[in-house]
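All remarks here apply to the structure that follows.
There are 4 protein chains.
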Amino acid sequence: MTLEKKMMMGPKSVIGEAGYVMEDVPHLGDYLLDLPTYSNPLQDNPAYSAVKQYFVNDDDAVVQKVVVHKNDPKGMHFRRAGSRQKVFFESDEVHACIVTCGGLCPGLNTVIREVVCGLYDMYGVRKVLGIVGGYKGFYSSNTINLTPKSVNDIHKKGGTILGTSRGGHDTSKIVNSIEDRGINQVYIIGGDGTQRGAALIYEEIQKRGLKVAVAGIPKTIDNDIAVIDKSFGFDTAVEEAQRAINAAHVEAESVENGIGLVKLMGRYSGFIAMYATLASRDVDCCLIPESSFHLEGKGQLLEFIEKRLKENGHMVIVVAEGAGQELIAESMRSISHKDASGNKLLLDIGLWLSHKIKAHFNKTKVSINLKYIDPTYMIRAVPSNASDNVYCTLLAHSAVHGAMAGYTGFTTGPVNGRHAYIPFHVCAVPAFLLRALLFVNLFGKQRITEMPNKVVITDRIWARLLSSTNQPSFLSSTDVEAKRDEDEPPTQLLDDGKDRCSTPPPNATP
Amino acid sequence: MTLEKKMMMGPKSVIGEAGYVMEDVPHLGDYLLDLPTYSNPLQDNPAYSAVKQYFVNDDDAVVQKVVVHKNDPKGMHFRRAGSRQKVFFESDEVHACIVTCGGLCPGLNTVIREVVCGLYDMYGVRKVLGIVGGYKGFYSSNTINLTPKSVNDIHKKGGTILGTSRGGHDTSKIVNSIEDRGINQVYIIGGDGTQRGAALIYEEIQKRGLKVAVAGIPKTIDNDIAVIDKSFGFDTAVEEAQRAINAAHVEAESVENGIGLVKLMGRYSGFIAMYATLASRDVDCCLIPESSFHLEGKGQLLEFIEKRLKENGHMVIVVAEGAGQELIAESMRSISHKDASGNKLLLDIGLWLSHKIKAHFNKTKVSINLKYIDPTYMIRAVPSNASDNVYCTLLAHSAVHGAMAGYTGFTTGPVNGRHAYIPFHVCAVPAFLLRALLFVNLFGKQRITEMPNKVVITDRIWARLLSSTNQPSFLSSTDVEAKRDEDEPPTQLLDDGKDRCSTPPPNATP
Amino acid sequence: MTLEKKMMMGPKSVIGEAGYVMEDVPHLGDYLLDLPTYSNPLQDNPAYSAVKQYFVNDDDAVVQKVVVHKNDPKGMHFRRAGSRQKVFFESDEVHACIVTCGGLCPGLNTVIREVVCGLYDMYGVRKVLGIVGGYKGFYSSNTINLTPKSVNDIHKKGGTILGTSRGGHDTSKIVNSIEDRGINQVYIIGGDGTQRGAALIYEEIQKRGLKVAVAGIPKTIDNDIAVIDKSFGFDTAVEEAQRAINAAHVEAESVENGIGLVKLMGRYSGFIAMYATLASRDVDCCLIPESSFHLEGKGQLLEFIEKRLKENGHMVIVVAEGAGQELIAESMRSISHKDASGNKLLLDIGLWLSHKIKAHFNKTKVSINLKYIDPTYMIRAVPSNASDNVYCTLLAHSAVHGAMAGYTGFTTGPVNGRHAYIPFHVCAVPAFLLRALLFVNLFGKQRITEMPNKVVITDRIWARLLSSTNQPSFLSSTDVEAKRDEDEPPTQLLDDGKDRCSTPPPNATP
Amino acid sequence: MTLEKKMMMGPKSVIGEAGYVMEDVPHLGDYLLDLPTYSNPLQDNPAYSAVKQYFVNDDDAVVQKVVVHKNDPKGMHFRRAGSRQKVFFESDEVHACIVTCGGLCPGLNTVIREVVCGLYDMYGVRKVLGIVGGYKGFYSSNTINLTPKSVNDIHKKGGTILGTSRGGHDTSKIVNSIEDRGINQVYIIGGDGTQRGAALIYEEIQKRGLKVAVAGIPKTIDNDIAVIDKSFGFDTAVEEAQRAINAAHVEAESVENGIGLVKLMGRYSGFIAMYATLASRDVDCCLIPESSFHLEGKGQLLEFIEKRLKENGHMVIVVAEGAGQELIAESMRSISHKDASGNKLLLDIGLWLSHKIKAHFNKTKVSINLKYIDPTYMIRAVPSNASDNVYCTLLAHSAVHGAMAGYTGFTTGPVNGRHAYIPFHVCAVPAFLLRALLFVNLFGKQRITEMPNKVVITDRIWARLLSSTNQPSFLSSTDVEAKRDEDEPPTQLLDDGKDRCSTPPPNATP
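Going line by line, the protein sequences match chains P, B, E and A. Position one of the first sequence corresponds to residue 630 (the working numbering), numbered consecutively onward. Position one of the second sequence corresponds to residue 630 (the working numbering), numbered consecutively onward. Position one of the third sequence corresponds to residue 630 (the working numbering), numbered consecutively onward. Position one of the fourth sequence corresponds to residue 630 (the working numbering), numbered consecutively onward.
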């Protein structure tokens, strides 16, 4: 059975009254018989002495759909995160490891810190290993022993003390290394590619029948992960993006026909661009991957720029890095390059757009003054803000509680403000599907939950942005029709519980 | 019938299948017959042309309880916020006014800006009046005409351009002023006292049979409002509080027996103190109103300070302004002063604590070095951060949509990440109850939703804090018993949907 | 007589005892006979009532050379800035204008504000005109009336409220416009090209015999102006550059063979790069225009990068935009492009270097991870910090005092911490000389004061940087010899008073 | 001979032509005969290979007086700081120690870092000891070995890694400890009290005939040290103070009759208050120790507050901590408390003023809204900004060069932008004089250089502030006369070279 096939297979499901369904996560006990359990050491922790009911009930579930109608079925649920009365590891038996993969994101160090401190302080674990430099680090002898002391101040720094890399995933070598080192809890922090890798590791571990829990902590500065409310580092990134937009605005206002162009992160989704635009109010035009546009033609970008310059004398454009890729592709006829992780190496929309805008106004003999700002690395590398610090703490603790309780093959994250355990296949969409989804709606009306998180441009939050920037939608009526079909939620049961329409997920949390 | 009686009366309720209940908000149509309706002008707005289904269905509801069990009843719901197909005001008929009351809070200007821009851009309204200086401003002739141009940059400044004040509420004079000026939409931004005032205004308007919608936008930097996920400005406040904690930490570390003491906001709830502590990791002890403590005695504060100084040589204490009020009261025997709004003028716990700690170590002949920091005004007065800016926008637009759709007597806010309309009585608890609730649990098992939002110290988030600071709980076992009873959710139906246990509301949003 | 000739002509000079020379500035009285004088209105200003000796003595001079030997001659001096007992304009006679030219620089708005407030508050002037969009604005009808109220908050914003542009200088049209509008004080804020333009305007005005004072306020974020201690905005720029260096450091540290490359401003001088490097301590290599380097070859850049990566696993490179231009020129064989102001459009050293480094390691089959950051616009566009705000105030007031006192054809700035008036020719070096000076030392041993401010790499501050980064000097011994000759101060009399050796000018101030 | 007597004794003086005088610093060779010298290891350092003339000439001097008249005598000079051709210590002979004393100040850690790195990198020294907790630390066994690695990142943190304390100075115990440990270079970072202590240590060492160099690095966030241009941390402090002033302004503007009151550092001098006021522009009234005021009476503070509130509806007051002490003293009749260092424990002017203002308006039945902000610890504890980081580096290196060259009993700092060595007695004024100087001018016309640095309120910079805030001077004409006499520079020879009149020292630097 191929990965893609597995990915689309259903998870463990629990059915209840009135249309209640829970998509459950795997457990070590699913394939290991007669595992002993132990009482949770938290109940002897004085900090928890006043807590009424510390342990999550085994049948606590988090509902995915929050906007409901009177007589709706109850719909999809996820297993609630948190500590359990019984744990499946003894404190001194645990040998955990942590690995960070992919690009930088504010909060990585806080997550590392809190997995370590969570294991030490709550469960009395004493062996936590840092794998250095991403998945590749599993085959290297260069590891770091992590203790509460060694991680004490790391949350005040950007980046990841463990180092990171793209790609380098070799399932069987990784699982060999896990076996050889005697590791029995694996914490994997990374984006969708990384989570797909984690799924493969979990499957191999299950095949070999090892008592090793695999917990994923989803990391994507772009916020493009489905189901969970927002990804860590997103708030910090939107905050930091304000600096670049402010600079672009000042530059644009200070000259005649000034254009400030800011490229922000977002390969497949425009959340950062959209939220940074909504927060700033100084942006005249926001371009995202989800909403295609053309340069030439009536009502299209160049015409809009001309119009806005004529009205205001200057303008600010924010563009997500993944926007307009079809246009670049068209004009380049070559999109074959790939970077190490297999994501296509997107050609720089910012530089491309600068060039096209300058060329256009050169042709029309209008003198403009375009300033292009790419703050990507300056955003990625800052330490997380207070809100993300708290969020990362809760994420890390949820992962630790889950692994101690014997769950495996799960990612963790907030769903409607409550932390839950989510099967890998729901969050981590295979890359080939992802690419396909960008242009065509392959799935018809099935499994909308498996789609990556995208800005739904046929819904209200995007309309609110258009209204605030007063930019045209750039979409033809046929585009709109296509989009409407694509975004149509297939059935009531699978309705998108996140209701991205009126209420943007990114701010919602633990 | 007294205010207190009314406050406790049930709202309009809608009953559905499987235990579904919706606490609905009033509507102008409830007391005005044959009101004409108009089609929503948004449907002609080009920004919304691509939107599939812009209008919220009339029976959309937001569920209060997100953590559920398989066969639970569906529980409490609120009316979903958003624009409706039919509106009850014509654009050129609307004459709106905005007033800000109470203390400063980051985001006030953003809310003002977005009520104005929302009314202008989405509904074509042209008459928006700013009432100057809080409720008192209604009887003054000094008002400000608000236009998108005049409010364009105000979100970049702290404070409120309208000015604010405490108290000054005279229901009938205010309603006279509303009638005299021909105002028909009233947007009231303020804390719980202010929302109680808004409820009185709504009742008087209803009594007079006026076609005037009253919309409340809850403001409390302390996050102490029930039901909604978090209040605006909270994120910004927690972020800004980090500076003070950092300074206290540096001061404490640089001297022998250094103690850094930081007072943060929070009269009745310790959310800011708790989140600032969790985000910082440099705090050794966090004191909040919800968890009482003693200075002297085994396991109490002074003993803990001695212990921590002996171990580490320095420590950082964060104290919420409302913590330890019983102790001060006891030692002062005079708590009769009141400030203008009727809140008791709490004596400064920070100065009091500094004094007591110094006196203690003076007595024990241990030389300490205590530095007390009160960053309150420096926190309140900053502009809102990006996350709060987006949040304020959504809040303001929800209020505008609600008023245009004829709803009245409501506040608006996110419930589990979805914006909803909430009847006044749920959020705004009478002051006498509030005070009562601080010490005694008057209500037994009824109407828990009417309680202000408090840190539930018998739940996990507080235990997590205790675990991270490694401070004692300071509670005796009888205290704990009492607290457990108090916090006990009375019935399944009225279960606290916010599940504060594992998942802190403050980060959750629109 | 050509401009270049004039530029090299001596100024008015005053000779005193023991080798004392003062390079004086022109005065309206030099070419206008029988000008009436008035008593300075400041002496009736209550704010100055306590001042003992408010007016600068006519023979106060600021010494250029501060490091001296026992029996040295006294050397060069400049006229001290400040208010004079007699002024040459009546308050209601003054019609001032302000223009800003060239690129953005933190502090422009503060200078504008303080010229306006200085004229209003100190001298009772009521007519101040803002010329919009640089020199070109003189021929446009679009001007702004400037009042203390209209400029009250502008210092909190980046950019310039007057707008700016490059080039557009037409001496006779500008002077026509000055005559037509009845302007009699011209404040010109801009870099060396702008100051050369100001010199031409002054000469034309003198030729026409107009009573118009021309005051230059030197603006260059690069700090490349001779004689004065530092230029405004420099401090802010170095501060803001730290963000980019921090980000580069975090990115570099988080991956294997990570290289963080940051391009900073500095076409002809490396002050920003050097100070940002010294302030940060995270930089491994700093490249500036004044110190040439090669890519290939023993002890050159690529070898150093290889070595540092081998030792540390990562490195941070800071490069000034004007560094390595010869290398680019060589590899491009085309440096003919010019931008509107006539500066050659330097090809981007940052992108070029990124490309070359990647290509090199690609060839040697070493996998590296290079992140290139160009924070230029994000630095230029921030508001000035507190230190620059105070500095800009003093600059603006010095200019106002000078013009009121009838001086003209001068720039103003601090020399060894005291504000002085400096003849245009000393600060503003003709462009062709500038370019020449980059590669060859045309002047032999004459007129070192006319050279632009450069980092003197044969002196101690640069050695200190090399020592702190532990980078090689990249210079061959013949390079060093050449540099030593070039930098040799010609005579004791003309010794560089700024003593850049041990004591960097940029921090020195008013 | 008492300390006070010694303090006033003349230093070593060198006389030259035309009125040239140099106040020289002591040298180990003054009391130790036949000391061997060594060639400076810097000349073999590759970083310095390109340097033309690295070593400072023995007769280089820095002139104190920069504003001169044509035929003035040359005046006072100081020995120029920098490396010398000959050093008096071999690298492996050096055993240095560093101690930090007094209150926190941004930049302490940078100075520590750079003394360590300077000794290691430039001179190959390998033994540097950190004394913990101020002077007291000399008698404790708890010291820290300092290496470039251990201090690598400390400049990014506020405070001092060595810890600090007030008082605890016991000369003979300290010198015993120095002898016992075999220390031969002592670096002492601290304020005027600390520098007086350093002078005593130097004298005892000289008396015992030890080969131990004592170097002082002046630290005072208040900038109240005479002769040097500004003290480190001052820029950072003024910058950080802007936050508090902004907050006060927002609070004041948002209410009726709002008064924002900010207390800033400055026991004996008002530099921080004055510069923060000049940088901000939002301040209506600035009160400093140098300019006395009264509450009641015509033209005094309360009347001015009433007037400004009537005009503007709000106001911002900045008060230096040492302002108005006579008033408090008068109203308290008890100023006998002293803190550990012997400075009188000034009663809090901020709280006192708040109380008095409230009481006054209470009496006059005007409702005001006063918000008091004390940001002291939040300012002191921040890390130094980029400008201070560079400055601290130069200070530390100057101290290292001086000690290596055998100079002792000196402090180091920039004079007119050039670093110089200054005899202790010039910077460190005995405390009793200091106090005396506050009220009475004891000295008549002698030794003005020995006075602490104060804002000279009879000069232009203060007038400029009064003009910008438009506040009255609060001084009676007799006050003014007295001040004028007090500030009168006694003779031309001893004229205050810093010319504080028009050009504020604080920004001037190395």
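Heads up, the beta-carbon is just placed ideally off N, CA and C, and yes, glycines get one too. From a predicted model like this one, the values you see are computed outputs, not experimental measurements.
Min CB distance residue i to chain E below 8 Å
i, result
"P/Gly819", "no"
"P/Val884", "yes"
"A/His923", "no"
"A/Thr1040", "no"
"P/Lys650", "Sequence inspection shows Val at residue 650 of chain P; the Lys mentioned does not correspond to that position. P/Val650 does not count as touching chain E."
"A/Tyr677", "yes"
"P/Tyr764", "no"
Neighbour flag for residue i against chain P, beta carbons, 8 Å
i, result
"E/Arg872", "yes"
"E/Glu868", "no"
8 Å Cβ cutoff, residue i in contact with chain B
i, result
"A/Thr1037", "no"
"P/Thr793", "no"
"P/Glu880", "no"
Option nearest residue i by Cα separation, candidates the options
i, options, result
"P/Gln871", "P/Lys786, P/Val745, P/Met903 and P/Ile888", "P/Met903"
"A/Gln835", "A/Ile790, A/Cys1021, A/Asn738 and A/Thr800", "A/Thr800"
"B/Ser996", "B/Gln693, B/Leu938, B/Ser898 and B/Ala1092", "B/Leu938"
Chain A contact for residue i (CB, 8 Å cutoff)
i, result
"B/Ile934", "no"
"B/Val643", "no"
"E/Pro735", "no"
"E/Ala908", "yes"
Beta-carbon separation (whole angstroms), residue i vs residue j, contact threshold 8 Å
i, j, result
"B/Gly736", "B/Ser1013", "4 Å"
"A/Cys914", "A/Phe933", "7 Å"
"P/Phe767", "P/Ile803", "5 Å"
"E/Asn738", "E/Ile790", "6 Å"
C-alpha distance - residue i paired with residue j, whole-angstrom precision
i, j, result
"E/Glu743", "E/Thr1037", "19 Å"
"E/His656", "E/Arg1047", "21 Å"
Note down, in chain order, all residues in the region 999 to 1011 of chain A with a beta-carbon under 9 Å from any beta-carbon belonging to chain B.
Residues passing the 9 Å Cβ filter: Lys1000, Tyr1001, Ile1002, Asp1003, Pro1004, Thr1005, Tyr1006, Met1007, Ile1008, Arg1009, Ala1010 and Val1011.
Report the residues of the region 786 to 816 of chain E with a CB closer than 8 Å to any CB of chain P, ordered along the chain.
Those would be Lys786, Gly787, Gly788, Thr789, Gly792, Thr793 and Ser794, in chain order.
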